[in-house]
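A.B. asks:
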Amino acid sequence: MSERAVVAALMEAERRAPVAAPPVATDHVATRQRDQRPLIAHVIFRLAVGGLENGLVNLINRTPQYRHAIICMTEYTEFHRRIEHDAVSLHALHKREGHDLGVFIRLWRLLRALKPDVVHTRNMSALEAQLPAWLAGVRGRLHGEHGRDVHDLDGSNRRYRWLRRAYRPLVQNYIPLSRDLENYLRDAIGVPAAKLSQIYNGVDTARFHVAASGRAPLPVAGFVPPEGIVIGTVGRLQPVKDQLNLVRAFLLLLKREPGLASRLRLVIIGDGPLWREAQSLLEQADAAHLAWLPGERDDIPELLRAMDVFVLPSLAEGISNTLLEAMASGLPVIATRVGGNAELVVEGVTGTLVPAAQPQALADALARYVAAPALLRRHGLAGRERVEREFSMETMVARYVDNYERLLRQH
-19 MSERAVVAAL MEAERRAPVA APPVATDHVA TRQRDQRPLI AHVIFRLAVG GLENGLVNLI
41 NRTPQYRHAI ICMTEYTEFH RRIEHDAVSL HALHKREGHD LGVFIRLWRL LRALKPDVVH
101 TRNMSALEAQ LPAWLAGVRG RLHGEHGRDV HDLDGSNRRY RWLRRAYRPL VQNYIPLSRD
161 LENYLRDAIG VPAAKLSQIY NGVDTARFHV AASGRAPLPV AGFVPPEGIV IGTVGRLQPV
221 KDQLNLVRAF LLLLKREPGL ASRLRLVIIG DGPLWREAQS LLEQADAAHL AWLPGERDDI
281 PELLRAMDVF VLPSLAEGIS NTLLEAMASG LPVIATRVGG NAELVVEGVT GTLVPAAQPQ
341 ALADALARYV AAPALLRRHG LAGRERVERE FSMETMVARY VDNYERLLRQ H
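Residue numbering for the sequence shown follows my numbering, beginning at -19 and increasing consecutively.
1. Label residue 75 either buried or exposed according to how many other C-beta atoms from any shown protein chain fall within 10 Å of its C-beta, with 16 as the threshold for buried.
2. What distance in whole Å lies between the Cβ atoms of residue 253 and residue 217, which are believed to be in contact at a cut-off of 8 Å?
3. Looking only at C-alpha atoms, which of 263, 210, 220, 277 sits nearest to residue 245?
4. Taking the C-alpha atoms as reference points, what is the distance between residue 186 and residue 373?
5. Could you pull out every residue in the same chain whose Cβ sits closer than 6 Å to the Cβ of residue 202, ignoring the five residues on either side in sequence?
6. Just the Cα atoms here: how many angstroms apart are residue 0 and residue 93?
7. To the nearest angstrom, how far is the alpha carbon of residue 6 from that of residue 297?
8. Is the number of C-beta pairs between the region 150 to 169 and the region 281 to 289 that are closer than 8 Å three or more?
9. Exposed or buried, residue 302, counting other C-beta atoms within 10 Å across all chains shown (16 or more means buried)?
10. Across the region 172 to 182 and the region 246 to 265, are there enough close Cβ pairs to call them in contact, namely three or more that are closer than 8 Å?
11. Does the separation of the CB atoms of residue 39 and residue 33 fall below 8 Å?
12. Which residues bound the alpha helix (DSSP H) around residue 366?
13. Under 6 Å Cβ to Cβ from residue 125, same chain only, skipping five residues before and after it: list those, please.
14. Could you compute how far the alpha carbon of residue 364 sits from the alpha carbon of residue 370?
15. Buried or exposed for residue 110, please, with buried defined as at least 16 other CB atoms from any protein chain shown within 10 angstroms of its CB.
16. Determine the DSSP secondary structure at residue 389, reduced to helix, strand or coil.
17. Give the DSSP bridge partners of residue 275, in chain order.
18. Note down, one range per segment and in chain order, each beta strand (DSSP E) of at least 3 residues found wholly within the region 276 to 352.
19. Could you give the DSSP three-state label for residue 213: helix, strand or coil?
20. Relative to the alpha-carbon of residue 359, which residue among 173, 378, 327 has its alpha-carbon at the smallest distance?
21. So who's on the other strand from residue 99, going by DSSP bridges?
22. When you compare only the Cα positions, how much space is there between residue 44 and residue 388?
23. Please identify the residue among 183, 237, 132, 325 whose C-alpha is closest to the C-alpha of residue 347.
24. Assess, as a yes-or-no matter, whether the region 373 to 386 is touched by the region 315 to 324 under the definition of 3 or more beta carbon pairs within less than 8 Å.
25. What's the call for residue 278, buried or exposed, on a 16-neighbour Cβ count within 10 Å?
26. By Cβ distance, which residues of its chain are closer than 7 Å to residue 367, with the 5 residues on each side in sequence left out?
27. By Cβ distance below 8 Å, which residues in the same chain neighbour residue -2 in space, the five residues on each side in sequence not counted?
28. Quick check on residue 100: buried or exposed, where buried means 16 or more other Cβ atoms within 10 Å of its Cβ?
29. Kindly list the residues whose CB is nearer than 8 Å to the CB of residue 362, restricted to its own chain and excluding five residues on each side of it in sequence; keep chain order.
30. Look at the Cβ atom of residue 79, then the Cβ atom of residue 50, and state whether they are nearer than 8 Å.
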C-alpha cells in the first residue's frame, strides 16, 4: 500500500469513529521558531511511575542540547513534575482500549505540527507509532526495547514477533537495554547487527547512595526492632513483577523458623492490582503486622537506605532500574534469573540469582543472608562498586546522545 493510501485509510477510520485531536501546545510551536535545538519526540504508552519512565526523565533532564516532546499513547500523570528541562512539551493521545485506529491519525497530525528531528518509541506498546512517524516525514526514527510483558515472558509470542518484523523496515536504529534483548532482536526478529546499539540503564549515584551510618529509619514508628532485618522491594504491583512470590517466600521462611518473626520485616513499595492479594496473603498467615505495604511513594532513595536486602521477584525483566538503584544504595540483591538480571547481578559477589516463581528457592536465598550479616554487607558494598564502575548515568546519557547525533548527521 502506498503512503497516500495508508493516510487515506487512516483518515477514513477517524471519520467513522471521530475523536477530537489532541491540541498542540502553541507555546511549543512558537518555541521551535526561536529555539534551533533539535527536537526529540519520545513516544511511550503512559507517563507514570515506572522504570522506563524514570529512565526517560533522567535522560531528558541531562540532555539540554535538545528540546523534547513526550507523547503518551494514553495519558500522563503527576510524575511529569520530575522533569526539570527547560523545553519539554507533554501530549496525551487518550488511546482507547482495544483497536483505536483514530489514535494513529491523531499522532500523525501531532507529529506534522511538532516536526521533530527524531522520534524515539519505546516497547511494544509504542512500536506502531513508527508508521505515523514515517508518514509524517520524520527522518530520524529509533526504537527502544526495555523489557518483556506478562503476555510474552520468553519472546515467543507469535503475534508480537510478526509485528516487530513488520515494523522492522521503518526503524533505523534499535536500542535494547540488555544483551538478552539484543540477541532476541538479532536472532528472532532479524534486525541487522549494524542497527543495534545496546545501552544499559544508568543510575544517579548521588541520589542513590549508601546510608551514612547503618540502616536508615523507616517512616513507621516502632515497626523495625533494633536487631531487625528489613527485606524490601520496589515496583508496580503487576503480575509480571510477581511480588506475590516474595510474600510467599517470606511466609515460608517464617513457617520454617518461627523465631524470625521477632526480627524479620517485609516492605513492598508500589501500587497495582496485586496489592490487595499480597495484603490478603499476609493477613491469612497472621503476618500482616510484620509487613508494610504503603503503596506508591516518592521517597524511594530514602526507603532503599532503610532496607537490608532487596528482592526483585519478576517473571520477566529487561534491565531493571530499581535493581541498579538498590545496588547503588549498598544493598545485596536477590533477583530471579530472567531477562537482563544476570547481566547486573554477579552471583555470589553482589547478590544471588534464583529461579522465577519458586518461593522455596527465594526463601532459601533469604535465609542465607539472614544467617550471615557479614555476607549481606559484603555483597551490598560490592554492588555499589559495580554500579559506580559500569552503570553510571553519564555513560548512559553519552550513549543515547551518540545515537541521536548519528541520526541527525544522516538527515
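From the three backbone atoms N, C-alpha and C, an ideal C-beta is built for every residue, glycine too.
These numbers come from a predicted model, not from an experiment.
C.D. replies: Taking the structure as given:
1. buried
2. 7 Å
3. 210
4. Straight through space, the alpha carbons of residue 373 and residue 186 are spaced by roughly 10 Å.
5. none
6. In this prediction, residue 0 has a pLDDT of 45, which is less than 50 and means its spatial position is unreliable; what the coordinates show is noted afterwards. Each residue's Cα considered, the two are about 16 Å apart.
7. With a pLDDT of only 44 at residue 6, under 50, the local geometry of the prediction cannot be trusted, and no value is derived from it.
8. no
9. Residue 302 comes out buried.
10. no
11. Taking the C-beta atoms as reference points, residue 33 is found no nearer than 8 Å to residue 39.
12. Note, residue 366: alpha helix (DSSP H), 353 to 370.
13. 156, 161
14. 10 Å
15. buried
16. helix
17. Under DSSP, the beta-bridge partners assigned to residue 275 are 249.
18. 289 to 292, 313 to 316, 331 to 334
19. strand
20. Out of 173, 378, 327, 327 has the C-alpha closest to the C-alpha of residue 359.
21. 21, 121
22. 16 Å
23. 237
24. no
25. exposed
26. 183, 185, 304, 307, 308
27. With a pLDDT of only 46 at residue -2, under 50, the local geometry of the prediction cannot be trusted, and no value is derived from it.
28. buried
29. 326, 329, 330
30. Not closer than 8 Å, so no.
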